[in-house]
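Notes follow the structure.
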Amino acid sequence: MVCLGNICRSPLAEGILRSKLPHNKFTVDSAGTANYHTGNPPDKRSIAIAKKYGLDISNLQGRQFTALDFDRFDMIYVMDESNYNNVISLARSQEDIDKVKMILNEIYPNQNYSVPDPYYGGNEGFENVYKMLDEACSIIAEALL
């Protein structure tokens, strides 16, 4: 799961998808395309909305996406077009590129809708983002199981 800073959208997506998959069979992680928040916990509003739905993401730490993530993961979900372009710029092959998907395409195939960044919005933005990511992650989990 990849967004810009790895403190709002992608840690939420990581926590949501982790909750829907068996821990012993899948590795779910998140990263940011920028290094602004490396080592920091998720935004307190992401932590709060996750907690509201029974998830604890408070122990996650921000990290930056690297080309090695193409080796570690079979699927890479990005939150918006900018994230997509930043991740693709690190791809070393067509195989790497083929792993990268816009997460909302799980709900709206081939529409390339973005998960809005709730950072500068109020709590309602985090609620809306949670609901979008929960729906997309349910589809992902169903396909994997």
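Residue 1 is where the sequence shown starts when you use the UniProt record's numbering, and the numbers rise one by one after that. Positions of the beta carbon are idealized from the N, C-alpha and C atoms, including for glycine.
Tell whether a beta-carbon distance below 9 Å holds between I7 and Y84. no
Terminal residues of the continuous alpha helix (DSSP H) containing K101? No alpha helix (DSSP H) contains K101, which is instead part of the beta strand (DSSP E) from V100 to M102.
Do three or more CB pairs link the segment 85-94 to the segment 105-121 at distances below 8 Å? no
For G121, the three-state DSSP class (helix, strand or coil): coil
Cβ of H37 within 9 Å of Cβ of G62? yes
For the candidate residues A143, E142 and I107, whose alpha-carbon lies nearest to that of M132? I107
Return no unless some Cβ of chain D is closer than 9 Å to the Cβ of L145. Absence of chain D from the displayed structure is noted, only one protein chain being present.
With a threshold of 8 Å, are at least 3 pairs of Cβ atoms found where one atom belongs to the segment 64-73 and the other to the segment 44-52? no
For A136, does the count of other Cβ atoms within 10 angstroms reach 16, so buried, or fall short, so exposed? buried
Contact set for N41: own chain, Cβ-Cβ below 8 Å, skip 5 residues either direction: In the sequence on display, residue 41 carries Pro and not Asn. So the qualifying residues of the chain are I7, I47, S58, N59, L60, Q61 and G62.
Contacting residues, own chain, Cβ-Cβ under 6 Å from L55 (five flanking each side not counted): So the qualifying residues of the chain are G15 and S19.
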